[in-house]
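Here the structure comes first, spelled out in structure tokens, and everything after it is commentary.
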Amino acid sequence: MNPLKHVAIIMDGNGRWGLKKKKNRNLGHKEGLKTVEKIIQESVKNKIKFLTLYAFSTENWKRPKNEINYLFNLLETFLENKINQLNKQNIKFKVIGIKNFSKKLNKLLIQSEKKTYKNTSLQINLALNYGSKIEILNAFKKLKKKNELINEKNLTNYLYTKNIPDPDILIRTGNTKRLSNFLLWQLAYSEIFFEKKLWPEFNENDFKKIIFKFKKIKRNYGSI
Ligand code: FPP
């Protein structure tokens with residue numbers, strides 16, 4: 202049985218769900234947040250150490266302003282209402298990506314990180330304004346600036362995921378099979394599960410089924 206430390210998720214399909222059910226993409230994001238909460242709790246139950254969620258990419262700024270504002274408001278309300286509960290559960294919250302949002306949201310993100318910094322059960326890495334290519338490029342620039350040797354170990358030290366093991370599993374919901382500039386370096390040997398369901402439809406049972414399948418996979422890492 203494979204040990205499972207880190208699950209990464211591309212939470213795709215909110216917009217389509219919203220249009221299908223309520224004729225409104227934003228309501229898909231609201232429903233998607235409920236799935237986020239379910240998966241956080243299921244991760245705790247399964248003693249998963251790291252859960253990395255792709256919430257907003259560097260490319261998502263191309264979306265209509267009203268959708269961007271809705272998403273960030275949803276995140277603000279979530280943190281304001283739920284960070285104390287996460288903290289009580291010994292959950293650590295970390296942002297991966299560049300924090301250049303409104304003053305209010307930046308402050309809230311930093312406060313949430315500080316409040317939960319020492320927690321040791323699950324670590325949630327929220328990928329926000331995240332792009333993998335820029336992450337890797339910036340890591341190379343830092344190596345060059347510090348005149349350090351270019352090798353895997355040194356490069357990894359300058360990624361947002363420093364000290365975090367690579368994901369064992371990547372899940373992408375929404376019936377689309379692509380990586381969308383997410384953790385391109387870190388996913389080199391991850392087991393990938395593409396799910397037909399849209400993110401708001403994905404539930405604890407779907408998650409448990411993936412964990413069960415993952416545990417039985419023979420992982421070779423290039424060997425036989
Ligand atoms: C992709 O679906 C989803 C996003 C860009 C946002 C993810 C946000 C949430 C799950 C809810 C908010 C979460 C937090 C933590 C506040 P899409 O809109 O690209 O779906 P589509 O492919 O159907 O258009």
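All residue numbers for the sequence shown refer to the numbering used here, where the first residue is 202 and numbers rise by one. Yeah, the Cβ is synthetic: ideal placement off N, Cα and C, and Gly gets one too. Nothing here was measured: the structure is a model prediction, and the numbers come from that model.
Quiz item: Would the C-beta of residue 230 count as close to the ligand FPP, meaning under 7 Å from any of its heavy atoms?
Solution: As a working note, residue 230 is residue 29 in the sequence shown. Residue 230: yes, Cβ under 7 Å from the ligand FPP.
Quiz item: How would you call residue 321, buried or exposed, if buried means at least 16 neighbouring beta carbons within 10 angstroms?
Solution: Position 120 of the sequence shown, counted from the first residue, corresponds to residue 321. With fewer than 16 other Cβ atoms from the protein chains shown falling within 10 Å of its own Cβ, residue 321 counts as exposed.
Quiz item: Nearest-angstrom Cα distance between residue 228 and residue 337?
Solution: Residue mapping note: residue 228 aligns to position 27 of the sequence shown, counting from 1. Residue mapping note: residue 337 aligns to position 136 of the sequence shown, counting from 1. If I take the Cα positions, the gap works out to 34 Å.
Quiz item: Does any heavy atom of the ligand FPP sit closer than 7 Å to the C-beta of residue 214?
Solution: Against the sequence shown, residue 214 aligns to sequence position 13. The closest heavy atom of the ligand FPP lies less than 7 Å from the beta carbon of residue 214.
Quiz item: CB of residue 256 to nearest heavy atom of the ligand FPP: below 7 Å?
Solution: Walking along the sequence shown from the start, residue 256 turns up at place 55. At least one heavy atom of the ligand FPP is nearer than 7 Å to the Cβ of residue 256, so yes.
Quiz item: Looking only at its own chain, which residues have a Cβ that is under 8 Å from the Cβ of residue 258, when we skip the five neighbours before and after it?
Solution: Within the sequence shown, residue 258 is the residue found at index 57, counting from 1. Sequence-distant Cβ neighbours of residue 258 in its own chain, meaning closer than 8 Å and more than five residues away, are 328, 330, 331, 332, 381, 382 and 383.
Quiz prompt | Closer than 8 Å to chain C by CB, residue 352 | solution = Judged by its chain identifiers, the structure shown contains no chain C, having just a single protein chain.
Quiz prompt | Coil, strand or helix - residue 301 by DSSP | solution = As a position in the sequence shown, residue 301 is number 100, starting the count at 1. Residue 301 falls in the coil class under three-state DSSP.
Quiz item: Skipping 5 residues on each side, what residues in its chain have a beta carbon closer than 7 Å to that of residue 378?
Solution: Numbered from its first residue, the sequence shown carries residue 378 at position 177. Excluding the 5 residues flanking it on each side, residue 378 has same chain C-beta neighbours closer than 7 Å at 395, in chain order.
Quiz item: Apart from the five residues on each side of it in sequence, which residues of its chain come closer than 7 Å, Cβ to Cβ, to residue 314?
Solution: Along the sequence shown, read from residue 1 onward, the residue named residue 314 stands at position 113. Taken in chain order, the residues that qualify are 294, 295 and 296.
Quiz item: For the ligand FPP, any of its heavy atoms closer than 7 Å to the Cβ of residue 288?
Solution: Looking up residue 288 in the sequence shown gives position 87. No, the ligand FPP has no heavy atom inside 7 Å of this Cβ.
Practice problem: May I ask whether a heavy atom of the ligand FPP can be found less than 7 Å away from the beta carbon of residue 415? | Solution: Here residue 415 corresponds to residue number 214 of the sequence shown, with the count starting at 1. False, no ligand heavy atom lies under 7 Å from that Cβ.
Self-check item: Reduced DSSP secondary structure (H/G/I, E/B, other) of residue 251
Solution: Along the sequence shown, read from residue 1 onward, the residue named residue 251 stands at position 50. Of the three classes helix, strand and coil, the one that applies to residue 251 here is strand, per DSSP.
Quiz item: Straight-line CA distance for residue 214 to residue 341?
Solution: Position 13 of the sequence shown holds residue 214. Position 140 of the sequence shown holds residue 341. Distance between the alpha carbons of residue 214 and residue 341 is about 33 Å.
Quiz prompt | Own chain residues within Cβ distance below 6 Å of residue 219, not counting five before or after | solution = On the sequence shown, position 18 is the one that residue 219 refers to. Cβ neighbours of residue 219 beyond the five flanking positions: 225, 226, 228 and 229.
Quiz item: Relative to the C-alpha of residue 233, which residue among 400, 391, 210 and 356 is closest?
Solution: Indexing the sequence shown from 1 puts residue 233 at position 32. For residue 233, the nearest C-alpha among the options comes from 400.
Quiz prompt | Sequence-distant residues of the same chain with beta carbon closer than 8 Å to residue 206, five excluded per side | solution = Position 5 of the sequence shown, counting from 1, holds the residue named residue 206. The residues 249, 250, 251, 366 and 369, in chain order, have a CB closer than 8 Å to that of residue 206 in the same chain once the five nearest residues on each side in sequence are set aside.
Practice problem: Between the Cα of residue 291 and those of 318, 231 and 263, spot the shortest distance and give me the residue it belongs to. | Solution: For this step, residue 291 is matched to residue 90 along the sequence shown. Minimum Cα distance to residue 291 is reached at 318.
Exercise. Report yes if the CB atom of residue 277 is closer than 8 Å to the CB atom of residue 305, and no otherwise.
Key: As a working note, residue 277 is residue 76 in the sequence shown. As a working note, residue 305 is residue 104 in the sequence shown. A contact, by the Cβ cut-off of 8 Å.
Quiz item: Which stretch, first to last residue, makes up the beta strand (DSSP E) that contains residue 392?
Solution: Here residue 392 refers to the residue found at position 191 of the sequence shown. Segment 392 to 395, the beta strand (DSSP E) holding residue 392.
Exercise. Using 7 Å as the cut-off, classify the Cβ of residue 296 as near or not near the heavy atoms of the ligand FPP, replying yes or no.
Key: As a first step, residue 296 is located in the sequence shown; it is residue number 95 there, counting from the start. No heavy atom of the ligand FPP is found nearer than 7 Å to the CB of residue 296.
Exercise. Ignoring anything shorter than 4 residues or poking outside the region 205 to 277, list the alpha helix (DSSP H) runs there in chain order.
Key: Fully enclosed alpha helix (DSSP H) runs of 4 or longer: 215 to 223 and 226 to 246.
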